[in-house]
Each structure stands twice: as C-alpha cells, then as structure tokens.
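Protein chains in written order, with the working numbering: chain A, 82 to 466; chain B, 26 to 289. Inspection log for the structure reproduced underneath, given as structure tokens.
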Amino acid sequence: MRTVVGLQLKGLAKSYGPVEAVKGVDLTVYDGEFLTLLGPSGSGKTTILRLIAGFTLPTAGQILIQGRDVSQMTPAERGIGMVFQHYALFPHMTVAENISYGLKMRGWPAQKRETRVREMADLVGLHGMDKRLPRELSGGQQQRVALARALAFEPALLLMDEPLGALDRELRIRMAAELRRIHRELGTTVVYVTHDREEAMTLADRVAIMHQGLIDAVGSPHDLFSVPPTRFVASFFGGHNLLPAQLTTQSPNGHVRVQCLGQDVEATSGSDLTGTGNVWVVIPAQAVKLGHGSATGLNIDATVVETLYVGGSVQVTCEIAGVGRLLANLPVEDGLGLEVGSKIQLLVKSADLVAVAREADSTAIAAQPAASAATEEVDDLAKDI
Amino acid sequence: MNAPQIALSAVLRWLSFAFVLLLILFLFIPVIIIVILSFSNATVLQFPPEQFGLRQYVAFAQSQYWTSSVIKSLSIAFPTALVATLVGMPAVFAFNRTRLPFREGLELAGLTPFLLPGVAYAVALYAMYAQFHIVGTTVGLILADSVIALPFVVVIVGAGIKRVPQDLELVAMSLGASRARALIGITFRLTLPAIGAAFVLAFLAAFDEATFVNFVGGPDLVTLPKAIFDSLRLGVDPLITGIATILMVITGMAMTAAVWLRRT
Chain A
82 MRTVVGLQLK GLAKSYGPVE AVKGVDLTVY DGEFLTLLGP SGSGKTTILR
132 LIAGFTLPTA GQILIQGRDV SQMTPAERGI GMVFQHYALF PHMTVAENIS
182 YGLKMRGWPA QKRETRVREM ADLVGLHGMD KRLPRELSGG QQQRVALARA
232 LAFEPALLLM DEPLGALDRE LRIRMAAELR RIHRELGTTV VYVTHDREEA
282 MTLADRVAIM HQGLIDAVGS PHDLFSVPPT RFVASFFGGH NLLPAQLTTQ
332 SPNGHVRVQC LGQDVEATSG SDLTGTGNVW VVIPAQAVKL GHGSATGLNI
382 DATVVETLYV GGSVQVTCEI AGVGRLLANL PVEDGLGLEV GSKIQLLVKS
432 ADLVAVAREA DSTAIAAQPA ASAATEEVDD LAKDI
Chain B
26 MNAPQIALSA VLRWLSFAFV LLLILFLFIP VIIIVILSFS NATVLQFPPE
76 QFGLRQYVAF AQSQYWTSSV IKSLSIAFPT ALVATLVGMP AVFAFNRTRL
126 PFREGLELAG LTPFLLPGVA YAVALYAMYA QFHIVGTTVG LILADSVIAL
176 PFVVVIVGAG IKRVPQDLEL VAMSLGASRA RALIGITFRL TLPAIGAAFV
226 LAFLAAFDEA TFVNFVGGPD LVTLPKAIFD SLRLGVDPLI TGIATILMVI
276 TGMAMTAAVW LRRT
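Structure (structure tokens):
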C-alpha cells in the first residue's frame with residue numbers, strides 16, 4: 082500500500098468567463114502511482130492537466146507536488162515532465178538535442194547531458210537514432226523521443242495528454258505495454274489523460290473518472306468496473322447495461338434489494354443509497370446468460386434484435402418489452418444459433434447485479450462495446466481557449 | 026471505359042496541354058524578346074537584332090543616370106524591407122501568441138494596403154507629406170513604401186507562425202525554459218525562414234514601386250522605376266532591355282531564395 086503523496090489537488094477550480102471547466106476537484110495521487118484521468122471530451126480532464134502543468138492558473142484551489150505548493154509557479158519551476166498527443170518534438174533539433182533540451186535548460190554540464198541522453202535513448206528503445214530529425218521517424222518513434230525528453234531530467238511527476246491517441250491500434254497496444262515497462266523501471270508518478278476506457282483500464286493503477294468538471298469516482302479499474310458507484314461510471318467506464326428499478330431495502334453491508342422487471346432481487350451497491358427510491362440496476366453484458374428459473378437472480382424475457390459474432394463470443398442486442406434494449410455477450414455455442422425476432426429467456430446472477438442512484442427518467446440504456454464508447458462528444462472546451 | 030471514351034479523354038488531355046502551352050508562350054514571349062534584344066548592339070530597338078553584343082549592359086554601367094538610380098532604389102528598398110519586417114514581425118507574434126483584444130481586426134488592418142487603390146492613397150499621402158514638408162525625402166518614401174511592403178510580412182510571417190504548434194512552446198516551458206526563452210528559442214527560431222522570405226518579398230515590393238515615387242518622391246528622388254518612366258518620355262533607349270533583363274534575373278533569384286527559405 083502506497084502512502085507517500087506525489088500529487089495533491091485541493092478544491093481545484095478553473096473558470097473561463099462564465100464557463101466552469103473544473104468545479105472544485107480534490108484528488109490524491111500517491112508517489113510512484115500510475116493514475117489515469119478518464120472522461121469524455123469537455124469533462125475538464127485536459128484543463129486539469131494544464132492546471133497541473135502550469136500552462137494556466139487556477140481560479141481557486143491548490144496543487145501540491147510532493148507537499149510543495151506549486152499553484153502559482155511557472156511551468157519551468159514546477160519540474161514536471163509532459164508528453165503531448167501530437168508529440169510536440171522540436172522539428173529543427175535532432176533526437177539527441179530534443180532529449181537534452183530540458184537538461185540544458187536546467188544547466189546540466191555537457192558531458193553529463195550526453196550520458197543521460199544515451200541512457201534515455203536506450204530506455205525507450207531508440208538506440209543509435211540520436212542524430213535523426215523528428216521528421217525522419219515514425220509516429221511511434223516520435224512518441225518515444227517525447228517520452229525520453231519528458232523523463233530525462235528525472236521529474237517528480239509525468240503528465241501525459243492522450244499520448245497514444247495519434248497512433249494506430251496495433252502500435253497503441255505495443256506502446257501501452259512499453260509505457261507500463263518504463264513506469265515499472267523508473268517508478269515516476271504518472272497522471273495520464275485519456276478518453277479511451279480500454280487504455281485507462283489496461284494502464285492504470287487507479288482511474289479517476291471525470292464528468293462535467295468534477296471527479297465522479299476514483300478507484301482501481303477492477304473495482305470501478307465490477308462495482309461502479311455511479312450511473313456515469315457504470316455506463317462510461319463499464320459500458321454496462323442499465324435497467325430502471327426501485328430500491329426496497331438497504332442493509333449496511335453493501336447489499337440491497339431492488340424491485341426490477343417485477344421481481345424482487347438482491348444486488349450489490351458501491352455507494353450509499355439512503356434516501357434514494359429510484360435506482361439503476363447495472364448489468365454487465367458478459368454477466369447475461371441464457372437460461373431461466375433461478376430464484377437468486379434476475380430473469381429477463383426479451384426479443385433478439387441483432388446478433389454480432391465478434392470472435393470468441395456473440396454480442397446479442399435484445400429488446401425488453403416496455404423497458405428498452407439490453408446487450409448480452411453470450412458464449413458462441415449459446416449465441417450463434419439465435420434468430421433475429423425470436424423470444425429468449427435470459428438470467429443474471431444476483432452477485433453480478435449492482436445498484437446505483439437514478440434520476441427521474443426511466444429508459445433502459447444498453448451496454449456499449451468499448452470501441453464505440455464516448456467518441457462522439459463535443460470538442461474539449463479547454464483546447465479551444 | 027470503352028474505346029471512344031479513351032479517345033475523347035486523350036483529345037481533351039492534348040487540348041488542355043496545348044492551351045497551357047499557349048498561355049505560357051503568351052506570357053513569356055515578350056520576356057524572351059526582351060532578353061534577346063538586350064544582347065543586341067543596336068542603338069535603336071529592332072527585332073531581330075542585326076549584331077549581338079553587350080552594348081546595352083556597357084552603356085548601362087557607364088551611365089551615371091542609371092547607376093545612381095539603381096543605388097537610390099537599393100537605398101530605399103533595403104530600409105523599407107527592414108522597417109516592414111521590424112514592424113510586421115512583432116505584430117504577427119502578438120496576433121498569434123497573445124490574447125490581445127481585436128486581434129483579427131488588427132490583422133485585417135495590416136492587410137489593407139493590399140486592398141487600397143494605390144493612386145488614391147498616393148494622392149492622400151502627397152497632401153499630408155506636403156504639410157509636413159517631407160515630399161522628396163528618402164525617409165518619406167521609405168515610410169510610404171513600408172506601408173506597401175507590410176502586408177507581405179503580415180501574410181508570410183503569419184502563415185509561418187501558424188505552422189508552429191503552440192504545444193512546442195508549452196513543452197519547452199515544461200522542460201524548464203522561461204516564456205521568453207521558449208518564444209525566442211523555439212517559435213521565433215522556427216519562424217525565421219518565413220521572416221527571411223517576407224524580407225525578400227518586402228524588398229522586391231519596394232524595389233519595384235513606381236506609384237508613390239511619382240507622387241511623394243518629388244523631382245529629385247529618382248529610383249530605377251522612376252528613371253525608366255522618365256527615359257520613356259524622351260524616347261526608347263534600348264539599354265532598358267538590359268536593365269529589364271538584370272531585374273528579371275535578380276527578381277528570379279530572390280523569389281527562388283524566398284521559396285527555398287519557406288520550405289526549410
């Protein structure tokens with residue numbers, strides 16, 4: 082268990098005129114931790130990154146790096162390494178000159194700089210390329226240079242702004258593995274901004290999920306996925322199905338009973354639901370099974386709308402009469418034979434049901450496959466300003 | 026595609042090729058004739074030349090009238106390019122790297138000399154210069170020409186700085202550079218080729234300028250374009266073909282330099 086604090090945000094807020102981009106955020110990142118700031122475009126995650134880096138000053142609140150208040154310091158004084166989505170390499174400098182730029186600015190002697198550049202080039206796998214110009218490198222290689230440059234002066238904190246966003250899928254997966262390895266070797270505290278939940282899930286020790294200028298939830302990827310504390314975490318991070326339900330009883334051990342689809346079932350709860358009557362029942366697509374008749378689960382009668390073979394499993398979209406759509410991820414042997422329009426009976430075990438608070442509306446929200454989640458959001462507010 | 030379609034597209038291709046060729050010939054034939062004429066030894070304009078030689082160039086070099094006008098033009102064009110660059114460059118940086126109010130409006134104002142009718146503007150300038158008694162002064166003409174040269178700087182340096190992502194400055198600052206050092210060491214450094222190209226074009230605009238000099242230049246300020254106008258009034262001296270050829274070569278080289286600068 083980590084205890085030393087690497088970065089702390091206290092009541093951090095930023096307004097651009099009447100627009101509140103960040104609305105008072107508290108966050109603790111432990112020393113050596115890899116934390117992902119995940120949120121849709123316009124949720125304020127990029128603004129937080131720019132506030133931490135010092136490119137813009139907060140309207141209110143404090144930023145502490147290893148206990149030192151840096152809220153009003155210039156970017157140079159904060160000692161933070163930064164990696165941008167579009168690499169931001171200096172095009173007129175060679176790989177070696179790019180990597181040693183920060184060392185030069187910090188007054189390292191030439192000989193020490195040279196040794197360090199070689200170390201960093203080896204660390205990120207760019208051995209022997211130090212004389213090349215950025216335009217002679219591939220996208221992945223350019224991002225390695227950007228990483229080496231940001232880490233060369235041994236910053237206490239590394240900020241990354243969607244660093245894999247400009248790479249193609251295969252390269253993204255390779256670079257993500259590489260990032261994990263480098264983080265293991267150096268142990269630098271990392272704050273990593275992304276809107277891609279797969280990236281957040283695979284990379285991070287903990288994920289902070291941003292929604293409308295606030296942090297909705299913080300936790301390990303597994304905790305947030307299996308017991309989402311809020312509706313937003315369940316749909317945006319988990320990509321789970323949501324069915325409207327009524328809370329009947331809440332016991333202190335995190336177990337609740339809910340009335341859903343006319344059945345009284347037991348579910349888990351990741352947050353305090355006292356005083357809430359309306360809840361959502363969160364159903365992961367892969368928890369839905371074919372079958373019927375269990376007394377300890379939720380039985381669902383539905384009509385098949387579409388089936389999609391995705392290799393290893395079948396994604397079945399169903400319609401629950403009068404409620405809405407539900408996505409089920411069925412094993413190939415169960416899902417492949419299903420006819421569109423046929424009636425099926427589905428079952429979700431109580432252990433897989435989670436209840437979260439619900440506002441007044443009541444349509445079901447079908448699960449979203451990861452690739453399509455949250456890509457059609459408005460442009461990030463902070464990038465326009 | 027079937028056979029008639031292929032035949033048709035081939036015909037169209039040849040037609041468009043022929044059209045472009047004709048257009049180029051139309052534009053270049055006068056240029057070519059001037060260059061050929063400049064290597065004639067005749068003392069009157071005649072084509073084709075009877076005897077080739079360097080008479081026009083020798084006469085040009087030996088003429089006090091022409092050489093002093095070239096020197097005058099240079100002594101106007103260099104300071105003009107300098108003034109336009111020194112005024113335009115900081116303006117462009119302010120338009121693109123600050124939160125200056127009314128940036129877009131100011132940037133547009135920097136381009137108005139492109140839109141103003143030159144003669145009308147020159148008449149107005151003349152009236153103003155007469156009040157301040159600076160008609161016929163070198164400084165007066167340099168200032169007037171700088172207005173004409175400024176839009177080149179605003180457009181070219183503006184395009185240059187827009188190609189430098191602002192992230193580069195931010196990353197430099199995160200690496201320990203001060204704001205000034207990031208601006209000069211990264212953004213200004215990367216805009217240098219565009220600044221060089223803008224300087225060359227501003228210089229050419231001033232060197233070529235023939236309207237203002239006639240209004241605010243007075244009788245004694247004789248630049249090369251003015252000297253050519255004046256000499257035409259007395260009849261055509263074929264040594265103008267030599268001057269024209271020299272100008273074309275210099276302009277061509279300067280433009281090549283400008284294009285090359287912008288590419289790097």
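Glycine included, every Cβ here is placed at the ideal spot set by N, Cα and C.
Out of the options, which has the shortest C-alpha to C-alpha gap to residue i?
{"i": "B/L200", "options": "A/P156, A/L408, A/N380", "result": "A/P156"}
{"i": "A/R250", "options": "A/G221, A/L238, A/A229, A/D242", "result": "A/G221"}
{"i": "A/A447", "options": "A/L417, A/D112, A/P325", "result": "A/P325"}
{"i": "A/S352", "options": "A/A298, A/E400, A/C399", "result": "A/A298"}
{"i": "B/G78", "options": "B/L264, B/I275, B/F228", "result": "B/L264"}
{"i": "A/L170", "options": "B/V189, B/G130, B/R206", "result": "B/V189"}
{"i": "A/L240", "options": "A/D203, A/R439, A/G160", "result": "A/G160"}
{"i": "B/R287", "options": "B/S256, B/V160, B/A223, B/T236", "result": "B/A223"}
{"i": "A/L428", "options": "A/K370, A/T377, A/L417", "result": "A/K370"}
{"i": "A/G142", "options": "A/E243, A/S96, A/D112, A/N179", "result": "A/S96"}
{"i": "A/T388", "options": "A/A368, A/G416, A/I401", "result": "A/G416"}
{"i": "A/P139", "options": "A/K91, A/V85, A/V437", "result": "A/K91"}
{"i": "A/R194", "options": "A/M201, A/L184, A/A202, A/D203", "result": "A/L184"}
{"i": "B/G260", "options": "B/F51, B/L50, B/L70", "result": "B/L70"}
{"i": "A/G123", "options": "A/D304, A/P302, A/A102, A/Y390", "result": "A/A102"}
{"i": "A/A227", "options": "A/L218, A/I180, A/M256", "result": "A/I180"}
{"i": "A/K424", "options": "A/I381, A/L260, A/V110", "result": "A/I381"}
{"i": "B/T270", "options": "B/Q30, B/A32, B/I61", "result": "B/I61"}
{"i": "A/F306", "options": "A/A366, A/G405, A/Q396", "result": "A/A366"}
{"i": "A/L207", "options": "A/S431, A/V397, A/R230", "result": "A/R230"}
{"i": "A/E414", "options": "A/T270, A/T128, A/A432, A/V395", "result": "A/V395"}
{"i": "A/L267", "options": "A/P236, A/L284, A/R255", "result": "A/P236"}
So with Cβ pairs under 8 angstroms, would you call residue i a contact of chain A?
{"i": "B/P190", "result": "yes"}
{"i": "B/R287", "result": "no"}
Please confirm if residue i has its CB atom under 8 angstroms from at least one CB of chain D.
{"i": "A/F318", "result": "The structure shown contains no chain D; its protein chains are A and B."}
Does any residue of chain B bring its CB to less than 8 angstroms from the CB of residue i?
{"i": "A/A169", "result": "yes"}
{"i": "A/A157", "result": "yes"}
{"i": "A/H173", "result": "yes"}
{"i": "A/M201", "result": "no"}
{"i": "A/M186", "result": "yes"}
{"i": "A/K95", "result": "no"}
{"i": "A/F313", "result": "no"}
{"i": "A/M154", "result": "no"}
{"i": "A/M163", "result": "yes"}
{"i": "A/R230", "result": "yes"}
{"i": "A/G87", "result": "no"}
{"i": "A/G246", "result": "no"}
{"i": "A/Y273", "result": "no"}
{"i": "A/Y182", "result": "yes"}
Compute the distance between the beta-carbons of residue i and residue j, then report whether it is under 8 angstroms.
{"i": "B/Q81", "j": "B/G243", "result": "no"}
{"i": "A/H321", "j": "A/I364", "result": "yes"}
{"i": "B/G165", "j": "B/V238", "result": "no"}
{"i": "A/Y468", "j": "A/Q224", "result": "It is not possible to answer for residue 468 of chain A, since the shown part of chain A is limited to 82 through 466."}
{"i": "A/G422", "j": "A/V385", "result": "yes"}
{"i": "B/F120", "j": "B/G221", "result": "no"}
{"i": "B/D192", "j": "B/E234", "result": "no"}
{"i": "B/A219", "j": "B/A207", "result": "no"}
{"i": "B/A116", "j": "B/A174", "result": "no"}
{"i": "A/V272", "j": "A/A281", "result": "no"}
{"i": "A/R312", "j": "A/L323", "result": "yes"}
{"i": "A/L93", "j": "A/I146", "result": "no"}
{"i": "A/Q426", "j": "A/G356", "result": "no"}
{"i": "B/Y90", "j": "B/A279", "result": "no"}
{"i": "A/V362", "j": "A/A436", "result": "yes"}
{"i": "A/F317", "j": "A/P121", "result": "yes"}
### Message
Beta carbons nearer than 8 angstroms to chain A: which residues of the stretch 190 to 218 of chain B have them?
### Response
P190, D192, L193, L195, V196, A197, M198, S199, L200, G201, A202, S203, R204, R206, I211, R214, L215
### Query
the stretch 112 to 141 of chain A: which residues have C-beta closer than 8 angstroms to a C-beta of chain B, in chain order?
A134, G135, F136
#### Entry: Secondary structure, beta strand (DSSP E): runs of 3+ residues fully inside the stretch 252 to 309 of chain A
270 to 275, 287 to 292, 295 to 300
### Task
Tell me the start and end of each unbroken beta strand (DSSP E) in the stretch 307 to 353 of chain A that is at least 3 residues and wholly inside, in chain order.
322 to 331, 336 to 341, 344 to 350
#### Entry: Whole runs of the alpha helix (DSSP H) within the stretch 172 to 217 of chain A, excluding any shorter than 4 residues
176 to 186, 191 to 204
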